[in-house]
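Note that the protein sequences, when read in sequence, are chains A and B. Numbers 2 to 236, taken from this note's numbering, label the letters of the first sequence in order. Numbers 2 to 236, taken from this note's numbering, label the letters of the second sequence in order. Backbone N, C-alpha and C fix where the C-beta goes; we use that ideal spot for every residue, glycine too.
Number of protein chains: 2
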Amino acid sequence: VGLGPGGAAHRTPAATAAVRHATTVIGYGPYVDLAAELIRGRAIRSPIGQEATRAKEALALAAAGERVALVCSGDPGVYAMASLVLEHAVEFPGLDISIIPGVTAALAGAAAVGAPLGHDHAAISLSDLLTPWPTIAARVEAVAAADMVVSLYNPRSSGRDWQLPAALEILSRYRSPATPVAVVTHAGRPSLTTSITSLGAVDPGTVDMSTIVIVGCSTTRTLDGRMVTPRGYVP
Amino acid sequence: VGLGPGGAAHRTPAATAAVRHATTVIGYGPYVDLAAELIRGRAIRSPIGQEATRAKEALALAAAGERVALVCSGDPGVYAMASLVLEHAVEFPGLDISIIPGVTAALAGAAAVGAPLGHDHAAISLSDLLTPWPTIAARVEAVAAADMVVSLYNPRSSGRDWQLPAALEILSRYRSPATPVAVVTHAGRPSLTTSITSLGAVDPGTVDMSTIVIVGCSTTRTLDGRMVTPRGYVP
């Protein structure tokens, strides 16, 4: 179940219904809290870093007859739990599993600053915990060279601070330092902060794991304080 | 305002409220129909192909004091009206404009077949009405070479039928014919149809402008009839 980005305003009726009708709601603690007022059954607040355990626990509870809602913020299919659940679901045959989509961070972040994803775009995670850095760097370089807008997920954490500058450096080889960049933290929440800066002026200190960084392409412009990528592409 | 993919189940409360509170709702006719039960003011069904006129009409009405909701299906920021509105908004200074995000077709289509967007991915439109084909082809080739999952928007229409085979041919130079491909039509609607096929076996005849085509990467698998891209990437 994707709860959308933060509060109830962006949580779809399908997601709301799934949480309301669940006999058990499971998720990373802060995401369970996002849906607290909807939960009628048991709530299991699972620790971060225990994603595989959480997926298997949700499947085991469902196999035991519970109606389980495994909640994520944003969209469960994007850098989240849906793929992990479906990988482990082969160990629990016959379960009825629905993936309920939500507004992912890139879409919520984009709407908060304008329309930077109006044309072709990519999403790349800068976390090298599960993916080797050379693979990540090659993907950043490919979208940089192909002049596509890119949303950088998991851009920076306290223990992982050099990947964002490295990715921006790769992008800078192909794009002007004046290219618009959006830095959006807590997209969709009351604590939302946004800034539109440029590729040559991004301050990594304003970026953490609750931030989405959107780097424009050659046609992306700043208009009246908003970041806009036109639909058409005229070279 | 993004109405999400089809029916009310994926329309966010923020989108619902914006349509309810509008004195005028404007959009391509079938999208206005998607929100018909919410409309309390005037409804303007605008013809397809008149996107710039529609954007300017919405802005002019807002400048005249109306509360206007310009509705799109999916997310208004992705191949839709938000960027066009913000481009023309410079001609109407001082308006209060909010972009309300929604679940875009790639997310809804992905959820309908599993979790193909679980790791890095791109969105590319195959419409060459506003973008030269060589630019589109270069982007398809870049994401193909970088082994990213790709969602193909606007894949095929009655008058535009060679672009999808051409894009799949480019992807086939880099990926096995066994690579999973999802073909999802009317994502999020009661008339939803899904099929999971492979890069070597896609039938373009099953694809139209209401279809999203999602091509997997080297780690994408089919598990129990679902298409899954694991979160990690182990080369």
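What is the rounded straight-line gap between the Cα of residue i and the Cα of residue j?
i, j, result
"GLU38(A)", "LEU4(A)", "13 Å"
"ALA10(B)", "GLY115(A)", "25 Å"
"PRO102(B)", "LEU193(B)", "22 Å"
"SER128(A)", "ASP162(A)", "10 Å"
"PRO236(B)", "PRO77(B)", "With a pLDDT of only 44 at PRO236(B), under the threshold of 50, the placement of this residue in the model should not be trusted, and no figure is reported."
"MET210(A)", "SER158(A)", "6 Å"
"PRO31(B)", "VAL69(B)", "18 Å"
"VAL151(B)", "ALA65(B)", "42 Å"
"HIS89(B)", "SER47(B)", "17 Å"
"GLU67(B)", "ILE215(A)", "32 Å"
"CYS73(A)", "ALA23(A)", "15 Å"
"MET265(B)", "SER196(A)", "For residue 265(B) there is no data in the structure shown, the boundaries of chain B being 2 and 236."
"THR186(B)", "PRO6(B)", "11 Å"
"ASP204(A)", "ALA44(B)", "45 Å"
Give the residues of chain A in contact with residue i, contact being defined as C-beta atoms less than 7 Å apart.
i, result
"VAL91(B)", "LEU224 and ASP225"
"ALA147(B)", "ALA139, ARG140 and ALA143"
"GLU88(B)", "LEU224, VAL229 and PRO231"
"THR105(B)", "LEU108"
"GLY5(B)", "THR13"
For chain B, find out if any of its Cβ atoms is closer than 8 Å to the Cβ of residue i; answer yes or no.
i, result
"ILE125(A)", "yes"
"HIS122(A)", "yes"
"ALA112(A)", "yes"
"TYR76(A)", "Note on residue identity: the sequence assigns Asp, not Tyr, to residue 76(A). Output row for ASP76(A): interface = yes."
Kindly indicate if chain A contains any beta-carbon less than 8 Å away from that of residue i.
i, result
"TYR80(B)", "yes"
"VAL216(B)", "no"
"THR13(B)", "yes"
"ILE40(B)", "no"
"LEU118(B)", "yes"
"SER196(B)", "no"
"ALA63(B)", "no"
"PRO102(B)", "yes"
"GLY28(B)", "no"
"GLY115(B)", "yes"
"GLY50(B)", "no"
How close, in whole Å, do the beta carbons of residue i and residue j come, if the pair is a contact with beta carbons under 8 Å?
i, j, result
"THR221(B)", "PRO156(B)", "The Cβ separation is near 18 Å, so there is no contact."
"TYR175(B)", "ALA143(B)", "Incorrect: roughly 10 Å between the Cβ atoms, too far for contact."
"LEU96(A)", "ALA56(A)", "About 12 Å separates the two Cβ atoms, so there is no contact after all."
"PRO117(A)", "ALA111(A)", "5 Å"
Taking the continuous beta strand (DSSP E) assigned at residue i, which residues delimit it?
i, result
"VAL185(B)", "181-186"
"ALA123(B)", "122-126"
"ALA36(B)", "Unbroken run through ALA36(B): none, as it is neither H nor E."
"ARG43(A)", "43-47"
"ILE137(B)", "Run containing ILE137(B): none in the beta strand (DSSP E); it sits in the alpha helix (DSSP H), 134-146."
"LEU1(A)", "Outside the shown range of chain A, which is 2 to 236, sits residue 1(A), and nothing can be said about it."
"VAL216(A)", "212-216"
"ALA70(A)", "69-72"
"SER199(A)", "194-199"
"VAL26(A)", "25-29"
"THR220(B)", "Per DSSP, THR220(B) belongs to no beta strand (DSSP E) and is neither H nor E."
Quick one: give me the first and last residue of the alpha helix (DSSP H) that residue i is part of.
i, result
"VAL263(B)", "Shown here, chain B extends from 2 to 236; a query on residue 263(B) therefore has no answer."
"ALA167(A)", "164-173"
"VAL151(B)", "No alpha helix (DSSP H) contains VAL151(B), which is instead part of the beta strand (DSSP E) from 150-154."
"VAL79(B)", "Here VAL79(B) belongs to no alpha helix (DSSP H), and DSSP marks it neither H nor E."
"THR54(A)", "52-64"
Applying a beta-carbon distance threshold of less than 9 Å, which residues of chain B neighbour residue i?
i, result
"SER84(A)", "GLY115, ALA116, PRO117, LEU118, GLY119, HIS120, VAL229, THR230, PRO231 and ARG232"
Whose Cβ in chain B lies nearer than 7 Å to the Cβ of residue i?
i, result
"ALA10(A)", "THR13, PRO14 and ALA15"
Following a CB-centred definition, is residue i positioned closer than 7 Å to any heavy atom of the ligand GDP?
i, result
"ALA147(B)", "Ligands in the displayed structure: none, and consequently the ligand GDP is not present."
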